[in-house]
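Position 185 of the sequence shown, counted from 1, bears residue number 185 in UniProt numbering, the numbering being contiguous throughout.
Glycine included, each C-beta is placed from N, C-alpha and C at the ideal position.
Here the structure is a predicted model, which is why all the values come from computation and not from measurement.
Read through the structure below, which is laid out as structure tokens, and then see the notes.
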Amino acid sequence: MLLRLDNVSKVFGGVQALRSVSFDVAPGEVLCLAGENGSGKSTLIKIISGVYRPEPGATMLFDGEPIDGLTPGVARSLGIQVIWQDLALFPEMSVAENIAFERNLGAGLRLVDYSAMRDAAAGILARLGVTLDLDSPLRELSIAQRQIVAICRALIADARLVFMDEPTASLSQAETDALLVIVRRLSADGIAVVFVSHRLAEVLEVCGRVTVLRDGRNVGTFPTQGMTQTRLTELMTGQTFDQA
Ligand code: ADP
Ligand code: MG
Numbered sequence: 001m002l003l004r005l006d007n008v009s010k011v012f013g014g015v016q017a018l019r020s021v022s023f024d025v026a027p028g029e030v031l032c033l034a035g036e037n038g039s040g041k042s043t044l045i046k047i048i049s050g051v052y053r054p055e056p057g058a059t060m061l062f063d064g065e066p067i068d069g070l071t072p073g074v075a076r077s078l079g080i081q082v083i084w085q086d087l088a089l090f091p092e093m094s095v096a097e098n099i100a101f102e103r104n105l106g107a108g109l110r111l112v113d114y115s116a117m118r119d120a121a122a123g124i125l126a127r128l129g130v131t132l133d134l135d136s137p138l139r140e141l142s143i144a145q146r147q148i149v150a151i152c153r154a155l156i157a158d159a160r161l162v163f164m165d166e167p168t169a170s171l172s173q174a175e176t177d178a179l180l181v182i183v184r185r186l187s188a189d190g191i192a193v194v195f196v197s198h199r200l201a202e203v204l205e206v207c208g209r210v211t212v213l214r215d216g217r218n219v220g221t222f223p224t225q226g227m228t229q230t231r232l233t234e235l236m237t238g239q240t241f242d243q244a
């Protein structure tokens, strides 16, 4: 397994957001993290990306190595990348500058080599099979295009595990379909993708396994093969629906 978690809990004041969750991700797989609002999905992603610390007693292994005391910077250097819902991009910078942002930070006070930066950004876009104007300011792009820029930025930083927190929430069906093509491409390149979505049809279509969180607990991880939307809803809500 690329990532293996055991006994991960998180308490915020009086709220137990995660209760002894185990979770694993294999290299190159597309895994869905499903669960109703408030079930703990984002909290789990924030723990794996070093934003929050789990309660003591958790085990977290990446590539078989312990990753206790993870910080966001260490997580990124390991290849753990998150495409946040707000995307954390820079509206006034160009597509190329957004894609190469971290690489440029790495250049520190040295002058940024713009043509190398554009080449790198163009190479990543080509790898995804996407056409975007490298010089457009980001604010001129659609949400779906910005999403792609955020994915490119993760790739240029050598992502091995990409979390997408509700990436299709504000996309049209056509944009969603295009994003799912990109997700499959990442997976074919050996990059593991963990995908959070409320749209169960697309979850069952693109993901090989689904991990269901309910009320901070991991209800289980199931192959999507043979899984129905009704069954998945039952697992998420804990209610049984009459299928008569
Ligand atoms: P999801 O992403 O599945 O909707 P979250 O992980 O955001 O769920 O939230 C899980 C629970 O933890 C919710 O009850 C939420 O209100 C609570 N929670 C999440 N983050 C915080 C925080 N920073 N402070 C207090 N409570 C939080
Ligand atoms: Mg969330």
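Beta-carbon proximity check, residue i vs residue j, cutoff 8 angstroms
i	j	result
Phe222	Val203	no
Ala58	Ser136	no
Ser187	Val30	yes
Gly14	Leu213	no
Asp215	Ser42	no
Leu235	Val219	yes
Ile191	Ile148	no
Arg139	Glu92	yes
Gln85	Ala17	no
Gly123	Arg185	no
Val51	Pro72	yes
Val25	Met1	yes
Leu87	Arg146	yes
Leu78	Val194	no
Leu134	Ala121	yes
Leu161	Ile80	yes
Glu36	Thr237	yes
heavy atom of the ligand MG below 7 angstroms from residue i C-beta
i	result
Asp215	no
Asp86	no
Ser42	yes
Asp177	no
Asp165	yes
Helix, strand or coil at residue i according to DSSP, with G and I counted as helix
i	result
Glu55	coil
Thr211	strand
Asp6	strand
Ala169	coil
Arg118	helix
Phe195	strand
Leu180	helix
Thr224	coil
Gln147	helix
Gln229	helix
Ala188	helix
Met1	coil
Ala126	helix
Ala100	coil
Arg160	coil
residue 259	The requested residue 259 does not occur in the structure, where the chain is confined to residues 1 to 244.
Leu132	coil
Nearest-angstrom Cβ-Cβ length linking residue i and residue j, presumed shorter than 8 angstroms
i	j	result
Ala144	Leu179	7 angstroms
Arg217	Arg4	About 18 angstroms separates the two Cβ atoms, so there is no contact after all.
Leu89	Ala150	6 angstroms
Phe163	Ile47	No, Phe163 and Ile47 are not in contact; Cβ-Cβ is about 11 angstroms, not under 8 angstroms.
Ala116	Ile156	Not confirmed; about 12 angstroms, so no contact.
Cys207	Thr230	About 17 angstroms; that fails the 8 angstroms criterion.
Leu171	Cys152	Not a contact, Cβ separation roughly 17 angstroms.
residue 245	Glu55	With the chain covering 1 to 244 only, the question about residue 245 has no answer from this structure.
Near the ligand ADP: residue i beta-carbon under 7 angstroms from a heavy atom
i	result
Phe195	no
Gly38	yes
Ala169	no
Ala17	yes
Gly14	no
Gly226	no
Gly35	yes
Within-8 angstroms CB hit, residue i to chain B
i	result
Gly220	Looking for chain B here will not work: only one protein chain is present.
Mind pulling the beta strand (DSSP E) runs of 3 or more residues that sit fully within the segment 66-95? With a minimum length of 3 residues, the unbroken runs of beta strand (DSSP E) contained wholly in the segment 66-95 fall at 80-83.
Within the segment 25-50, note down every full beta strand (DSSP E) run reaching 3 residues or more, in order along the chain. 30-34
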